[in-house]
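These protein sequences, in sequence, are chains A and B.
The opening position of the first sequence corresponds to residue 1 in the numbering used here, with each subsequent residue numbered one higher.
The opening position of the second sequence corresponds to residue 1001 in the numbering used here, with each subsequent residue numbered one higher.
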Amino acid sequence: MNTMKRLSLLFVLLSFPLVVCAQTPQATPPPPAQPRSGTFPKPVEETLPNGLRVIVIQRSESPLVSAQLLIKNGGEIDPPELAGLADITANLLTKGTQSRDATRIAQEVESLGGSLDSTARWDSSFVNVSVMSSKIGPAMEILADVVRRPTFKSEEVERLRQQYLDNVTLALGDPGSIARFVAARVVFGDSPYGHPIGGTTESLTRITAADIVKLHARYYRPDNAILVIGGDITAKDGLELGKRYFGDWQKPSASLPTASAAMGDKAGKTGRVVVIDKPDAGQAAVYLARTGINRKDADYFRGIVANSVLSGYSGRLNQEIRIKRGLSYGASSSLDTRRDVGPFTAATQTKNESGAVVADLLMGEVSRLSSAPPADPELTPRKAVLIGGFSRNLETAGGLVGQIGSLALYGMGLDEINRYINNVQAITTADIQKFAGTRLDAKTSNIIIVGNAKAFLPELQKKYPNVEVIPVAELDLNTALLRKKQAGE
Amino acid sequence: MVRKSTRFLSVICVLVALPFVAIAQTRMPQMKFSDRTLANGMRVLSVADSSSPTVAIQVWYHVGSKDDPDKRSGFAHLFEHIMFKSTKNMKSEMMDRLTEDVGGFNNAFTADDVTVYFEVVPSNYLETLLWAEADRLSALNVDDANFKSERDVVKEEFRQGVLAPPYGRFEYLLQQRSFAAHPYKRPGIGSIEDLDAASLKDVQEFHTTYYRPDNATLVVVGDFDQKQFDAWVDKYFAPIPKPGRPLPRVEVKEPDRKAEARYTEYGRNDLPAVGLTYLAPRQADPDAAALQIADAILSAGESSRLYNSLVYQQQLAADVNSSFEAREDVSLFVLTAVLSEGKKTEDAEKSLLAEIKKLQDAPVSAAELDKAKNQLITNQLRERETSNGKALALGEAAVLLGDPGRVNTNLGRLQAVTAADVQRVMKKYFTDTNRMVLYYLPEASKPAGKTGEGK
């Protein structure tokens, strides 16, 4: 502490006399003042005669409007051999309509200062646009055109196919992306949430324009869609825009196909330990992955609070892995709730040599959630993190639209935004313990490590003799086996 | 601001309302800020707004990666991490207790020219955070165990940013090869060797040298009473003495480039990449606005010239980008392309050069110019949706442009750019002799017998 003393001395010698005489700053932080509460804006909604649900939510502090057209199906409807179909379909919407080609669509919407983003996620596909409020009219006209009248020209299909193939190549060079893909296959096996949502080299090669047209005709229909408009716009103006551009969108006479992503007999095995050996990996990606819960599960709030205890900067994972041991730049977990049971993952990246240690730490912290559940002094701050993040998210047009869209997609009441804080506050230590013990059992979780196996495998094998090692060149993301068939097999 | 390394990765958003004035057809929010400088030299900028019960607090230190000590590349950023360890009156990670634990958040980043610490908290915690920021400006009190553990974290950040992603090293090399003399050539994330060489003694010296009130700007935006805020600033920051020592500044001038420089490097990428860089004028230069517009015309969105030509029409590239990386002393204009499967790096380079030439040979149309302006304005609105975003804009104007008022006048500068301006800056800066070209090819394509980097 010599350095410190010298430093203080220097300050005193060189500073102005008045400053030296100033009162010594206090050694403890001043306590907070009385808190002020905020309010969330109220959504207004109407279902049009064609079945389209239109929701408007006004927040006018910034002159921006975001709009999102959601289709209530996404990657889970991909046929097993056509992984990537829903995502390619969504992406192609903006690549040509009956009256505009791809170049013109981009030019028109970008001239408004915005961009059209269209993609598929699990359970939904969507087109987003975000513009200055003065430009929302023309932006909505283009948004409606691409959703309702896309042409899926074969040259655009070919162009996008090549871009998707390049993206697969790029993703397979990154240990983190490989680990995400493998984790989904391990958890969901050959069931609908198991494949890469952007497809595989093999599946992308098989997709035809006819497949795309068929998917669009079946699922892109007003009674399977939700329009959410949020930001600097009144409910009246928003509803009117919805009616003007989507009111005459015809509902097909065929009934809406029912889709389920439930795993059934195609579920993944549990307790797998999978190593993808990538000898040139600059770092190892380490995942713990297992099934979690669906969005409508009665345990939803227990689940998200339990996850918050593990995740976030001061969550247990980052405490143990980064803050205490310096083994990573960051470790976190996620409880991804979907229409059917979604995944729970705990993940981090570390130097190859620490791969096995970090896998142990992930397993240990997930077990400790039930063996040593958080008492109030630990739990209260983790709830505050959730509540603060939730409230901030509702303070931007994009965040508002995303939150409301997600509630609507899963058939939740939109007023849940007003109950969120109380629902989180109600969760107790016992709730976390029960949830962790019954829904996040470490023993039935899987471990995935992508990295230079030589550096961590011997240590990993000591603890997990069942480890499967797959060289990255033999990795096959098309099946839960994960391994390409060898000649003669 | 460019080349940021952050304390940790996260997404942030909060919103505050401001009065609007009309610019063109859009209501453009003007920031009404208070601006005072304390006797110890610390500048304090604040915007009171109570539309949301939160407040954003930022401290901008005018010290960045360019000020890394000799043989200590990455030090300013490592130091930024250490600022979250023990200070005069705070235990390690106490800043997290005062922010995250009450529903707020904190983070920090180190850029080439500045280091910025920020927090967003429920507004009733404002005084607490002012105390905390004043405390870590006053003195650090870090032990060796904490120092070493945080240094390991930064080494993992290096691996995660540079070694693990297929093009991490490409971006690292682009910066390194772009400057001949200026310390901007040292990557802000540093190197494992230089990080290993850093010591606790370096930490104290760096704090003494650069963390002083006359090198700091406090920016606060959100829900507070102006009088009360000013009193708290007087109480916590005014007593911090201003040292009599001079503040060292980087004096090195980057020489003009005299001839094109070309490099080929090999890495663990499967698709080849090519990068071009041009030295460009400093951030405060009047030409910066026209270069921002040129950047948008080249690469903002799918109707941009580079995307339309290289990705859409010719299908040469899987990804293409340009950026005007504004810096305080000398900037960089960077163009990159990651090739599509089976395409030639030479062809991608030719196409990038052809797009530059088109902008030099003919003025852009009025429609294309308007599009770029609309894109830039919308982005700016989106960045300023949150109190933290507003504080970032205000801090950047004050510290890097030398005038907080620029937060309200930058937009006018963009609006005033003409097609002739864009053509002029394209001719002026995008010359053959001012070009650095970097090919980044897959290791497997390396000719036999060549040794070298890429491991």
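Using N, Cα and C, we set each Cβ at its ideal position, and we do this for glycine too.
Being a predicted model, the structure only gives us computed values, none of them experimental.
| query | Hey, how far is the Cα of residue 222/A from the Cα of residue 1356/B? | reply | Pairing residue 222/A with residue 1356/B, the inter-Cα distance amounts to about 45 Å.
| query | Are the beta-carbon atoms belonging to residue 1044/B and residue 1036/B less than 8 Å from one another? | reply | At the C-beta level, residue 1044/B and residue 1036/B come within 8 Å of one another.
| In terms of residues, what are the limits of the alpha helix (DSSP H) holding residue 1369/B? | Start and end: 1366-1383.
| query | To the nearest angstrom, how far is it from the Cα of residue 1387/B to the Cα of residue 1188/B? | reply | Roughly 27 Å between the two C-alpha positions.
| Comparing the C-beta of residue 208/A with each C-beta of chain B, is any distance below 8 Å? | So no, residue 208/A is outside the interface.
| message | If I follow the unbroken beta strand (DSSP E) through residue 140/A, where does it start and stop? | response | Segment 136-148 is the alpha helix (DSSP H) holding residue 140/A; no beta strand (DSSP E) there.
| Would you say residue 1022/B reaches chain A, if we count a Cβ-Cβ gap shorter than 8 Å as a contact? | In this predicted model, residue 1022/B has a pLDDT of only 35, less than 50, meaning its place in the structure is not dependable; the value taken from the coordinates is given anyway. Taking Cβ atoms only, chain A never reaches closer than 8 Å to residue 1022/B, which makes this a no.
| query | Going straight from the alpha carbon of residue 1192/B to that of residue 1160/B, what length do you get? | reply | Annotation: residue 1192/B to residue 1160/B spans about 13 Å, alpha carbon to alpha carbon.
| request: Assuming residue 1194/B and residue 1071/B form a contact by the criterion Cβ under 8 Å, report the distance between their Cβ atoms to the nearest whole angstrom. | output: Between residue 1071/B and residue 1194/B the Cβ distance is about 6 Å, and since that is below 8 Å, they are a contact.
| request: For residue 413/A, decide whether its Cβ has a neighbour in chain B, counting only Cβ atoms nearer than 8 Å. | output: So no, residue 413/A is outside the interface.
| message | Which runs of the beta strand (DSSP E) at least 3 residues long sit entirely within the stretch 206-236 of chain A? Give them in chain order. | response | Whole beta strand (DSSP E) segments, 3+ residues: 225-231.
| residue 1134/B to residue 1115/B span [Cα, whole Å] | It is roughly 16 Å from the alpha-carbon of residue 1134/B to the alpha-carbon of residue 1115/B.
| said: Just to make sure I have the definition right: I need the residues of chain A whose C-beta is within less than 8 Å of the C-beta of residue 1163/B. Which are they? | reply: Those are 282, 283, listed as they occur along chain A.
| request: Could you tell me whether the stretch 212-228 of chain A touches the stretch 320-339 of chain A, where touching means 3 or more Cβ pairs closer than 8 Å? | output: With a cut-off of 8 Å, the stretch 320-339 of chain A and the stretch 212-228 of chain A do not count as touching, because too few Cβ pairs lie within range.
| task | Could you please give the first and the last residue of the uninterrupted beta strand (DSSP E) stretch that includes residue 45/A? | result | Residues 43-47.
| query | In angstroms, rounded to a whole number, what distance separates the CA positions of residue 368/A and residue 362/A? | reply | Those two C-alpha atoms are separated by around 10 Å.
| request: Could you check which residue in 474/A, 240/A, 457/A, 473/A has the C-alpha nearest to that of residue 466/A? | output: Cα-wise, what sits closest to residue 466/A is 457/A.
| Alpha carbon to alpha carbon, how far is residue 433/A from residue 374/A? | As the crow flies, the alpha-carbon of residue 433/A is around 8 Å from that of residue 374/A.
| request: Kindly indicate which residue of 1296/B, 1076/B, 1391/B has the alpha-carbon position closest to the one of residue 1154/B. | output: Minimum Cα distance to residue 1154/B is reached at 1076/B.
| field | Alpha-carbon to alpha-carbon, residue 244/A and residue 1327/B | value | Distance between the alpha carbons of residue 1327/B and residue 244/A is about 47 Å.
| query | What residues in the stretch 1206-1223 of chain B have a beta carbon less than 7 Å from any beta carbon of chain A? | reply | If the cut-off is 7 Å between Cβ atoms, the stretch 1206-1223 of chain B has 1208, 1223 near chain A.
| request: Pair every Cβ in the stretch 1432-1441 of chain B with every Cβ in the stretch 1256-1276 of chain B, then say whether three or more of these pairs are closer than 8 Å. | output: Result yes; three or more Cβ-Cβ pairs closer than 8 Å.
| query | Expressed to the nearest angstrom, what Euclidean distance is found between the alpha-carbon atoms of residue 332/A and residue 1366/B? | reply | Distance between residue 332/A and residue 1366/B, taken at the CA atoms: about 48 Å.
| Touching or not, the stretch 440-452 of chain A and the stretch 277-284 of chain A, by the rule of three or more beta carbon pairs under 8 Å? | By the Cβ test, the stretch 440-452 of chain A is in contact with the stretch 277-284 of chain A, since at least three Cβ pairs between them sit closer than 8 Å.
| request: Can you check DSSP and say which residues form a bridge with residue 1324/B? | output: BP columns for residue 1324/B point to 1333/B.
| field | Rounded C-alpha distance that separates residue 1233/B from residue 1242/B | value | If you draw a straight line from the Cα of residue 1233/B to the Cα of residue 1242/B, it is about 15 Å long.
| task | With distances taken Cα to Cα, identify the nearest neighbour of residue 1254/B among 1281/B, 1122/B, 1270/B. | result | Among 1281/B, 1122/B, 1270/B, the Cα nearest to that of residue 1254/B is on 1281/B.
| query | Counting only beta-carbon atoms, is residue 1265/B nearer than 8 Å to chain A? | reply | Closer than 8 Å: no.
| Which of the residues in the stretch 141-165 of chain A, read from start to end, lie with their CB under 8 Å from any CB of chain B? | The stretch 141-165 of chain A vs chain B, Cβ under 8 Å: 159, 162, 163, 165.
| field | Contact with chain A by residue 1377/B, beta-carbon distance below 8 Å | value | For residue 1377/B, the answer is yes, since a Cβ of chain A falls inside 8 Å of its Cβ.
| query | What's the gap between the Cα of residue 389/A and the Cα of residue 382/A? | reply | Each residue's Cα considered, the two are about 11 Å apart.
| For residue 1300/B and residue 1372/B, believed in contact at Cβ under 8 Å, the rounded distance | Your pair residue 1372/B and residue 1300/B checks out as a contact, with CB atoms roughly 7 Å apart and the cut at 8 Å.
| field | Buried versus exposed call for residue 1032/B [16 or more other C-beta atoms within 10 Å across all chains shown] | value | Counting every other CB atom within 10 Å of its CB across the protein chains shown gives residue 1032/B a total below 16, marking it as exposed.
| request: Sort 307/A, 426/A, 402/A, 279/A by Cα distance to residue 353/A and report the nearest one. | output: Checking every option, the nearest Cα to that of residue 353/A belongs to 279/A.
| Going along chain A, which residues have a C-beta under 8 Å from residue 1413/B? | Within chain A, no residue has its beta carbon less than 8 Å from that of residue 1413/B; the closest one is some 17 Å off.
| task | Could you list which residues in chain B have their beta carbon closer than 7 Å to that of residue 200/A, in chain order? | result | Simply none; closest approach about 15 Å.
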